[in-house]
Each structure stands twice: as C-alpha cells, then as structure tokens.
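This report concerns only the one structure given below.
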Amino acid sequence: MTATMRGARGEVIRRPRRALAVTIALAVTALVLAFVALGLGDYPLDPLEVVRAAFASDGSFATTIVLDWRLPRVLVALLFGAALGLSGALFQSLTRNPLGSPDIIGFSTGSYTGALLVITVLGTGYVSTALGALIGGMLTALLVYLLAYRQGMQGFRLIIVGIAVTAMLQSFNIWLLLRSSTEVAMTASIWGAGSLSLVGWPQAWPSLIAFAILFPAALLLTRPLRQLELGDEAARAHGLRVEGSRLVILIVGVALIAVVTATAGPIAFVALAAPQVAKRLTASAGLPLVPAALVGAVLLLVADQLAQHVLPGSVPVGVVTIVVGGAYLIWLLVREAKGRL
Amino acid sequence: MTMEPRLRTTDVTLAYDRRVISSDLSVSIPDGSFTVIVGPNACGKSTLLRALSRLLAPSAGEVVLDGKSISSYHTKEAARRIGLLPQSAIAPDGITVADLVGRGRYPHQTLFRQNRVGDDEAVALAMVATGVDDLATRVVDELSGGQRQRVWVAMALAQQTPILLLDEPTTFLDIAHQIELLDLFADLHEAGSTLVAVLHDLNHAARYATHLIAMKDGQVVAEGPPEAVVTAELVEEVFGLPCLVIADPVSGTPLVIPRGARHRA
C-alpha cells in the first residue's frame with residue numbers, strides 16, 4: 011500500500027513538475043526574445059548593448075531608443091499577448107470548447123463596433139476610441155450572455171450565439187465604414203487591423219494598471235475553473251457557487267480582451283491558440299492559466315517582430331496573427347468535426 | 002425517537018420552472034442508514050435527491066440539515082457535510098485518477114489555508130477504500146466503465162462527508178460491476194456513513210438497503226425496512242407490475258419475480 015501511495019504522490023508531484031519546467035522555459039524564452047527584440051530595428055543593437063543602454067542613464071541615443079521607443083512596444087506585446095492567452099483560457103474552459111474563444115464569439119468584433127462608432131460619429135481621439143472599444147466589447151459580451159442564458163449558461167449555446175452576433179456586428183461594421191468619408195474609413199481600418207505601432211508609454215500606462223488588477227484576479231479563478239470542468243452538478247456538490255463563479259470568470263475574461271482591443275485593435279488567434287498550445291506543452295488536465303499567458307506573450311511578441319522587421323512595409327500585427335490563425339482555425343475545425351462524426 | 006434525523010425535508014414542493022414534480026413532500030433520512038429510493042421512471046426520486054443535495058432549491062418548504070435550512074449554510078460548509086455522486090460528472094481530458102479524486106477536496110480548501118498533507122491523506126484513503134489506488138497515476142479516459150465509476154466514488158469519498166448521496170450509481174455497469182460497487186457502498190455504510198442512493202433494480206435495493214423509500218407520482222408510497230416495503234401488492238401499486246415476491250435464496254431478502262403479460266395465469 012505504501013508503494014502505491016508513494017506512486018500516487020510521485021505522480022501528483024511529477025505532472026506539476028513538467029508543468030513547472032515548461033512554465034519556466036516559457037518565461038525564459040519570453041525574456042530572451044524581449045532582449046533580442048529590443049535590439050532589432052534600423053539602429054541594431056546586440057543584447058549586451060541593449061543591457062548597457064537600459065542601465066546606463068546617460069541619456070545617450072541608444073538609451074532613448076531602447077527605453078523610450080522600443081521598450082513600450084515590446085512590453086505591450088508581451089503583456090497583451092499574456093492577456094489574450096489568459097482570456098482565451100478562461101473562455102475556453104468556461105465553454106468547454108477550444109472554439110469558445112473571445113475572438114470567435116464576438117467580443118473583439120463588438121469592441122471594433124464600439125471603436126468604429128466613436129471614430130465615425132464622434133471623431134478620432136485616442137482615449138475616446140479606447141473607451142468606445144471597451145464599452146462595445148462589454149455590451150457585446152452582455153448581449154451574448156443574455157441571449158445564451160436559459161436556466162444557467164451552457165458553453166455550446168454561448169458559442170453559437172456568439173458566432174451569430176459576430177456576423178451581425180461585422181455587417182454593421184461594414185455599413186459604418188461605407189457611410190463614412192475615405193479618410194475616416196482609412197483610420198478606422200488601420201485600427202481595425204490590430205496594430206501595436208502607435209503604442210508608446212502614454213498609451214501603455216492605462217492598460218498596465220488594468221493588468222495589475224486583472225492578472226491576479228484571473229489567477230485567483232484557477233480553483234473555481236478546475237471545479238467547473240467537472241460539470242455543474244459536481245462543482246455545486248463540492249460547494250462552488252456555480253453561476254456566481256461563472257459570471258466573475260466571464261467579467262475578468264471580457265475585461266482582459268477589452269483592454270487589449272481598446273489599445274491595439276482586435277488581434278485574432280492568440281486567445282484561440284495560446285491555451286491549446288500551453289495545454290499540449292504542459293500535458294496538464296484542463297487549460298493551464300500561467301502557461302497560456304506565457305505562450306500568448308511569446309506568440310504576440312514574435313508576430314509583432316515579424317510584422318515590423320521581416321515583412322515588407324509596416325504590416326499591422328493583427329494581419330500576421332490572422333493569417334497564422336486562419337490556418338490554425340481550419341486545422342481545429344477539421345479535427346473537431348472528426349471528433350464529432 | 003426524540004432525536005431529529007440530520008437530513009430531512011419538511012413539506013417541500015419541488016418543481017422545474019412551473020412543472021411541479023412533488024408537493025408537500027416530507028421525507029426523513031434515518032441517521033446511519035443505507036437508504037435507497039426506488040420508484041418508476043419520472044416518479045421524482047432523482048428530483049428528491051437533487052433537493053437533498055441542494056442542487057435544486059425547493060419552491061416551498063425546506064430541506065433541513067442538522068436543524069437548519071440547508072439554504073442557510075455557506076455552500077462549502079454544506080459540502081463538508083453532504084457529498085454527492087452526480088450522474089453528469091465530466092472528467093477533464095488527460096486528468097489522472099489521483100488528480101480527479103483530489104478535486105473532491107475543494108470544500109476543505111480555502112484560498113489562504115491549504116492543508117496539503119490532509120488533502121493527500123484523504124485522497125490516498127479514498128483511493129484505497131474504492132480499490133483504485135493502483136490506478137492513481139493512470140489517465141481517467143483510459144479506464145473501463147467500472148473503474149471510472151469507482152474513481153468518481155473515490156472523489157466523493159475524498160470530500161469526507163458523513164452523508165453521501167448517490168444518483169443512480171450503478172446505471173450503465175454490467176452486473177458484476179454493479180454488485181462490486183454495491184458491496185463497496187455496504188462497506189462504507191458499515192464504516193459509519195449515512196448513504197442515500199437512487200437505484201433502479203428493486204432486488205438490489207432490497208438486498209443492500211437498510212431503509213427503503215418507494216415513490217410514485219412525486220409522493221412517498223411506503224417506507225421502512227425492505228422486508229416490510231417490498232411486497233407483491235406494493236410493487237403492483239407502485240410499478241403497475243403484477244409479480245411474485247419470494248425470499249432471495251442467497252440473502253433472504255425479498256426477491257421480486259415479475260409476471261409479464263406472457264406469464265399471467
């Protein structure tokens with residue numbers, strides 16, 4: 011009996027050990043990539059020069075480039091990626107479906123609608139656009155939730171309703187663009203492609219403050235999330251307040267993606283893919299939150315560097331993620347369809 | 002007899018939306034019993050179990066646990082007193098047996114106070130009691146139906162509640178695994194747990210229950226020890242099935258032998 015119990019504990023420890031190793035590896039990867047990214051550009055610096063520039067407060071040109079120009083964008087790519095990964099993990103766990111991602115079920119599109127209304131009707135101020143996106147995303151989430159709610163919430167219904175609402179909002183968005191002047195439509199389209207190119211410190215700060223609240227909040231939801239995976243009845247039998255927990259998860263998940271969309275526009279794919287990649291890397295049951303955040307951070311940073319330095323012209327990062335994401339989505343749909351048939 | 006049982010319902014009305022399943026239903030679960038609820042499909046037995054386990058809030062009356070309305074408990078406090086093995090539990094894919102059983106520890110954990118040693122101990126005990134300790138490192142999806150059902154029982158046991166409710170625990174198992182599981186419940190009962198199960202098989206109910214509740218149309222028709230409850234008249238009244246009741250040659254408990262349309266004199 012002792013042997014089997016030791017076996018039991020050994021396994022209980024071994025799996026988190028793999029998860030821990032993967033988590034550390036991902037964090038190191040993100041950090042190394044960040045240093046490389048800080049050196050990339052028209053004024054290339056090797057990692058050593060980056061470190062020197064960052065810590066020497068001599069007001070040299072290199073310091074200005076690294077700290078004032080490149081750091082906010084790299085930091086924002088990491089943190090936005092993490093937020094998208096977290097949001098995706100929360101929603102996919104909630105809906106028990108890898109397609110139940112906030113970018114698929116309409117919250118990004120809703121944010122875009124909010125931003126479009128502000129740009130086309132009120133003018134193009136940065137803060138008001140961000141606010142419009144935030145409110146648009148929240149209202150869409152509320153609408154989808156209410157339409158999908160019937161004696162409790164069921165994941166699959168939420169996805170179907172979300173896809174329907176997305177389709178309606180997309181046609182509304184196109185109508186908004188068509189009836190606006192060319193100049194306004196251009197501005198709106200650039201925002202709508204999802205880009206980090208306009209993000210500097212002034213735009214980064216509000217989202218950093220929001221993340222300081224939202225990241226810990228998301229991590230506190232881990233245990234309720236693990237209970238919800240067992241089904242509503244088992245979760246309730248274990249003493250979880252099921253509807254209340256679900257609502258909090260929904261709010262934190264929407265807030266995470268709304269903050270990103272408000273600042274950078276809709277960035278597809280990261281929320282969809284990061285949780286699934288993290289699950290496969292860690293071999294964990296359910297979608298692990300911290301690894302999902304780290305995978306999201308690495309994905310978005312790499313995509314943004316590709317958009318900046320590898321692709322010709324200045325391509326918005328949203329375009330890169332959407333191309334990679336489209337391929338992933340097709341693979342996912344085919345796999346899901348096979349599972350169902 | 003002056004002591005009130007720990008778990009009972011007082012004049013409850015149980016309904017889904019406006020569809021009333023039971024009204025003015027008062028049921029007591031004798032402490033330390035292995036109570037089995039039987040009755041035809043849609044008689045309200047699972048609904049009663051859902052109410053006892055606070056998955057369904059009565060629209061009138063209340064479920065009383067240890068002298069207080071069950072709805073007045075903090076949900077985790079109630080979950081430390083009553084465990085439930087639901088029919089609908091889902092095993093997250095890729096989860097190991099030990100991990101799944103550990104999920105039953107939720108009501109004993111709080112954000113800032115986690116008793117890892119106590120949790121590990123409870124999980125190990127639950128796995129030994131259900132005979133799945135050898136499977137601890139296995140992935141649940143790969144287990145057989147009988148093994149998986151034992152793992153779910155282990156999860157409920159890890160909750161370490163004095164009262165355990167079981168919603169049709171033997172459905173979908175072959176006869177050998179059904180008996181194996183019922184023997185396990187009998188062991189748990191002997192070790193001091195109060196068990197309440199919904200079962201379909203009358204003969205299994207008569208063999209293993211210490212207290213039987215027969216329901217029809219949302220009401221209790223008869224309750225008591227199986228010998229008193231399982232009679233030919235009652236089975237015909239409750240299930241509308243003519244039958245012969247004899248003493249089970251193995252256990253001596255009542256054995257129901259149905260007379261289908263083809264076998265009526």
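Chains A and B supply the protein sequences, listed in that same order. Per the numbering used here, the first sequence runs over residues 11 to 351. Per the numbering used here, the second sequence runs over residues 2 to 266. Glycine included, C-beta positions come from ideal geometry on N, C-alpha and C.
Helix, strand or coil: how does DSSP classify residue i here?
| i | result |
| --- | --- |
| V251 (chain B) | coil |
| G275 (chain A) | coil |
| F240 (chain B) | helix |
| V21 (chain B) | strand |
| S70 (chain B) | strand |
| R260 (chain B) | coil |
| A13 (chain A) | Here A13 (chain A) scores only 36 on pLDDT, less than 50, and its place in the model should not be relied on; the value that follows carries that caveat. In this structure, A13 (chain A) counts as helix in the three-state DSSP scheme. |
| V334 (chain A) | helix |
| L355 (chain A) | Within the shown structure, residues of chain A are numbered from 11 to 351, placing residue 355 (chain A) beyond reach of any answer. |
| R345 (chain A) | helix |
| T232 (chain B) | coil |
| L245 (chain B) | strand |
| T111 (chain B) | coil |
| T73 (chain A) | helix |
| A63 (chain A) | helix |
| T39 (chain A) | helix |
| R55 (chain B) | coil |
| I340 (chain A) | helix |
| P57 (chain A) | helix |
| L179 (chain A) | helix |
| S324 (chain A) | coil |
| A368 (chain A) | Since the first residue of chain A shown is 11 and the last is 351, residue 368 (chain A) is not available in this structure. |
| D355 (chain A) | Shown here, chain A extends from 11 to 351; a query on residue 355 (chain A) therefore has no answer. |
| D188 (chain B) | helix |
Is residue i close to chain B, meaning its C-beta is less than 7 angstroms from at least one C-beta of that chain?
| i | result |
| --- | --- |
| Q237 (chain A) | yes |
| E253 (chain A) | no |
| L240 (chain A) | yes |
| R160 (chain A) | no |
| R246 (chain A) | yes |
| G110 (chain A) | no |
| G98 (chain A) | no |
| G249 (chain A) | yes |
| E243 (chain A) | yes |
| A13 (chain A) | In this prediction, A13 (chain A) scores a pLDDT of 36, lower than 50, which makes its location untrustworthy; the coordinate-derived value is nonetheless stated afterwards. So, not an interface residue. |
Can you check DSSP and say which residues form a bridge with residue i?
| i | result |
| --- | --- |
| K289 (chain A) | None, per the DSSP bridge assignment. |
| E224 (chain B) | B:I214 |
| V140 (chain B) | B:T97 |
| D168 (chain B) | B:V199 |
| E9 (chain B) | Before going on, a small fix: residue 9 (chain B) reads as Arg here, not Glu. Note: R9 (chain B) sits in a beta bridge opposite B:S29 and B:V65. |
| T14 (chain B) | B:A61 |
Taking the alpha helix (DSSP H) that residue i falls in, what are its first and last residues?
| i | result |
| --- | --- |
| Q164 (chain A) | Looking at the DSSP string, Q164 (chain A) is not in any alpha helix (DSSP H), and its letter there is neither H nor E. |
| D100 (chain B) | V98 to G103 |
| T36 (chain B) | Per DSSP, T36 (chain B) belongs to no alpha helix (DSSP H); it is in the beta strand (DSSP E), F35 to V39. |
| P82 (chain A) | L81 to T105 |
| A245 (chain A) | D242 to A247 |
| T123 (chain A) | F117 to L127 |
| D175 (chain B) | Where D175 (chain B) is concerned, there is no enclosing alpha helix (DSSP H), given that its DSSP letter is neither H nor E. |
| Q213 (chain A) | W211 to L230 |
| L299 (chain A) | L299 to Q315 |
| A126 (chain B) | It is Leu, not Ala, that sits at residue 126 (chain B) in the sequence shown. Taken as a continuous stretch (DSSP letters only), the alpha helix (DSSP H) holding L126 (chain B) covers R117 to A130. |
For the beta strand (DSSP E) that residue i lies in, which residues bound it at each end?
| i | result |
| --- | --- |
| A215 (chain B) | H212 to K217 |
| A198 (chain B) | T195 to V199 |
| G84 (chain B) | I83 to L86 |
Using a beta-carbon distance below 7 angstroms, is residue i in contact with chain A?
| i | result |
| --- | --- |
| T76 (chain B) | yes |
| L56 (chain B) | yes |
| I38 (chain B) | no |
| G261 (chain B) | no |
| A198 (chain B) | no |
| D100 (chain B) | yes |
| G241 (chain B) | no |
| G62 (chain B) | no |
| I96 (chain B) | yes |
| A52 (chain B) | no |
| A80 (chain B) | yes |
Name the residues in the stretch 103-130 of chain B whose C-beta lies less than 8 angstroms from a C-beta of chain A; which are they?
G103, R104, G105, Y107, P108, Q110, L112, D121, V124, A125, M128 and V129
Tell me which residues of the stretch 82-93 of chain B have at least one Cβ-Cβ distance to chain A shorter than 9 angstroms, keeping chain order.
I83, G84, L85, L86, P87, Q88, S89, A90, I91, A92 and P93
Quick one: which residues of the stretch 2-25 of chain B get their C-beta closer than 8 angstroms to a C-beta of chain A? List them in chain order.
D18
Contact set between the stretch 290-317 of chain A and chain B, restricted to residues whose Cβ is under 8 angstroms from the partner
A293, S294, A295 and G296
Members of the stretch 151-165 of chain B near chain A, C-beta cut-off 9 angstroms:
W153, M156, A157 and Q160
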